[in-house]
Amino acid sequence: MSSNSSTALLPAVDAPFYRAVGDEVEVFRAAARRGLPVLLKGPTGCGKTRFVEAMAHELGRELITAAGHEDMTSADLVGRFLLKGGETVWVDGPLTRAVREGAICYLDEVVEARQDTTVVIHPLADHRRELPIDRLATTLRAAPGFQLVISYNPGYQSVLKSLKESTRQRFIAIELGFPPAETEIDVVAHEAGIDIGAASELVTLGNAIRTLDGSPLREVASTRLLILAGGLIGEGLSLRAAVQSAIVQTLSDDADVVRALGELVDAVVSRP
Ligand SMILES: Nc1ncnc2c1ncn2[C@@H]1O[C@H](COP(=O)(O)OP(=O)(O)O)[C@@H](O)[C@H]1O
Ligand SMILES: [Mg+2]
Numbered sequence: 296m297s298s299n300s301s302t303a304l305l306p307a308v309d310a311p312f313y314r315a316v317g318d319e320v321e322v323f324r325a326a327a328r329r330g331l332p333v334l335l336k337g338p339t340g341c342g343k344t345r346f347v348e349a350m351a352h353e354l355g356r357e358l359i360t361a362a363g364h365e366d367m368t369s370a371d372l373v374g375r376f377l378l379k380g381g382e383t384v385w386v387d388g389p390l391t392r393a394v395r396e397g398a399i400c401y402l403d404e405v406v407e408a409r410q411d412t413t414v415v416i417h418p419l420a421d422h423r424r425e426l427p428i429d430r431l432a433t434t435l436r437a438a439p440g441f442q443l444v445i446s447y448n449p450g451y452q453s454v455l456k457s458l459k460e461s462t463r464q465r466f467i468a469i470e471l472g473f474p475p476a477e478t479e480i481d482v483v484a485h486e487a488g489i490d491i492g493a494a495s496e497l498v499t500l501g502n503a504i505r506t507l508d509g510s511p512l513r514e515v516a517s518t519r520l521l522i523l524a525g526g527l528i529g530e531g532l533s534l535r536a537a538v539q540s541a542i543v544q545t546l547s548d549d550a551d552v553v554r555a556l557g558e559l560v561d562a563v564v565s566r567p
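Our numbering numbers the first residue of the sequence shown as 296 and each following residue consecutively.
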C-alpha cells in the first residue's frame, strides 16, 4: 500500500446487497431522520446484520458493531484505561467512538451481556442522547448522526426483560422474519452464486423445516444456512450432500432428529 493514498482515490464501496422483506427500510429511514434508537427483532441468520449494513451505507454513516457475549461489561462498550509503554491511556470503546463520530452503533445481541452493560445505553436511548463516562468524570453528547441499533432474538433471549421499561419504550422496534419464498430464493441464488432452480429447492426445504409440527429444533434453518448449503452446491457438491452437511448436521446432534430431517429432505427435495 502506498502511503500517499487518500480517501478520495479509494474506489466507492458497493452497496451491500439487501432485499427488503416489508417496510423495514422506510421505518429505519424515518427513525434515522429523528435519531431514534432501533431494536431489530428476529431469529438468527434472518438478515439483521445485513440490513443494518445496507442502511448505514444508504445513509452514508459509519457502522460500528459490537457483538454481545456473556463476559461483556460496560467497559467493553465505553472504554477503559490501558497501560501503554508505562503510561495509562484511555481507549474509547465502540459505543464511545460512535457517540463521538456520529456513527451508527450496532450492538449485536447485546442482551447476551450482563445487565450492567445495557444500563450504559439508557441515557443514549432517549432525548438526552448522552453517554456518561464515570471513569473520565465526563458526559458526552452524541454527535449528529449517532444512532443506536440493537438486535434481539425473541426465540431465546430476553432483552425486553433486561431493558428498563422506560428505555424499551424509546426504541422503534422492527421485526425481521425470514423473507417470503420469492425473495429468499433471490437472496440465496445471489449470495451463493447458484441457479434459481437449486436455490428454490433449498428455500422449499427451509420452509418445510420451519413449519415442522412439534419441531424439536431450537433454531430452524435460517437464510444463512440455506446460503451455506448453496455455497457447497456452487462448489460442485450434489444438493443432497450440501443439505446434509450445511443444514441437517448443523441443526441437530440427535440421531433421531437427524434421521427425521433426512426423511424430510427425501420428501421435499427432487434433485439428487
Ligand atoms: N433480506 C436479505 N437480503 C439480502 N441478503 C440477506 C437477506 N436476509 C439474509 N441475507 C443473507 O443472509 C446472511 C445472514 O444474514 P445476517 O444479516 O448475518 O443475519 P442475522 O444478523 O440476522 O443473524 C447474510 O450474510 C446475507 O447473505
Ligand atoms: Mg447478525
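From the three backbone atoms N, C-alpha and C, an ideal C-beta is built for every residue, glycine too. Quantities reported herein were computed from a predicted structural model and do not represent experimental measurements.
**Request:** Could you please give the first and the last residue of the uninterrupted alpha helix (DSSP H) stretch that includes F323?
**Result:** E319 to R329
**Message:** Can you tell me whether S301 is buried or exposed? The criterion is at least 16 other CB atoms within 10 Å of its CB, across all chains shown.
**Reply:** Only weak support exists for where S301 lies, its pLDDT of 44 falling under 50; the coordinates are left without a value.
**Prompt:** Is it true that the CB of H485 sits closer than 8 Å to the CB of F312?
**Reply:** yes
**Message:** Quick check on this structure: which residue in F473, V415 and V553 has the alpha carbon closest to the alpha carbon of K336?
**Reply:** F473
**Item:** Contacts around E365, its chain only, beta-carbon distance under 8 Å, and the 5 residues preceding and following it disregarded
**Value:** E407, A408 and R409
**Item:** A494 beta carbon less than 8 Å from that of G525
**Value:** yes
**Request:** Can you grab the Cα-Cα spacing for the pair R356 / R554, in whole Å?
**Result:** 47 Å
**Asked** In whole angstroms, what is the alpha-carbon distance linking P427 and V394?
**Response** 11 Å
**Request:** With DSSP collapsed to three states, give me the class of L571.
**Result:** Residue coverage of the chain in this structure runs from 296 to 567, which leaves residue 571 outside it and unanswerable.
**Request:** Could you check the C-alpha separation between T383 and F376 for me, to the nearest Å?
**Result:** 6 Å
**Asked** Under 7 Å from any heavy atom of ligand 2, does the C-beta of K343 make it?
**Response** yes
**Prompt:** Per the contact definition of three or more C-beta pairs closer than 8 Å, is the segment 343-356 in contact with the segment 431-438?
**Reply:** no
**Prompt:** Counting Cβ pairs closer than 8 Å, one from the segment 415-423 and one from the segment 462-469, do we hit at least three?
**Reply:** yes
**Message:** I'd like the span of the alpha helix (DSSP H) that includes L402, first residue to last.
**Reply:** Element bounds for L402: not the alpha helix (DSSP H) but the beta strand (DSSP E), I399 to D403.
**Prompt:** Distance, Cα to Cα, G557 vs S547?
**Reply:** 11 Å
**Request:** Tell me whether Y313 counts as near ligand 3, meaning its Cβ is closer than 7 Å to at least one heavy atom of that ligand.
**Result:** Looking at this structure, you won't find ligand 3 anywhere; what it does contain is ligand 1 and ligand 2.
**Message:** Mapping the DSSP letters down to three states, classify E348 as helix, strand or coil.
**Reply:** helix
**Message:** Suppose only complete runs of 4+ residues qualify. What are the alpha helix (DSSP H) ranges in the segment 349-382, listed by chain order?
**Reply:** 369-373
**Asked** Which residue's Cα is closest to the Cα of G397: L354, A476, P567 and G492?
**Response** L354
**Request:** Could you spell out where the alpha helix (DSSP H) holding T442 opens and where it closes?
**Result:** The amino acid at residue 442 is misidentified as Thr; the sequence shows Gln. First-last for Q442: Q442 to Y447, but that is the beta strand (DSSP E), not the alpha helix (DSSP H).
**Prompt:** Among A541, D551, E514 and G531, which has the Cα closest to the Cα of L497?
**Reply:** A541
**Asked** What is the C-beta distance between V405 and T391, in whole angstroms, given that I count them as a contact (C-beta under 8 Å)?
**Response** Contact doesn't hold; Cβ gap of about 15 Å is too wide.
**Request:** Please classify G340: is it buried, with 16 or more other beta-carbons within 10 angstroms of its beta-carbon, or exposed?
**Result:** buried
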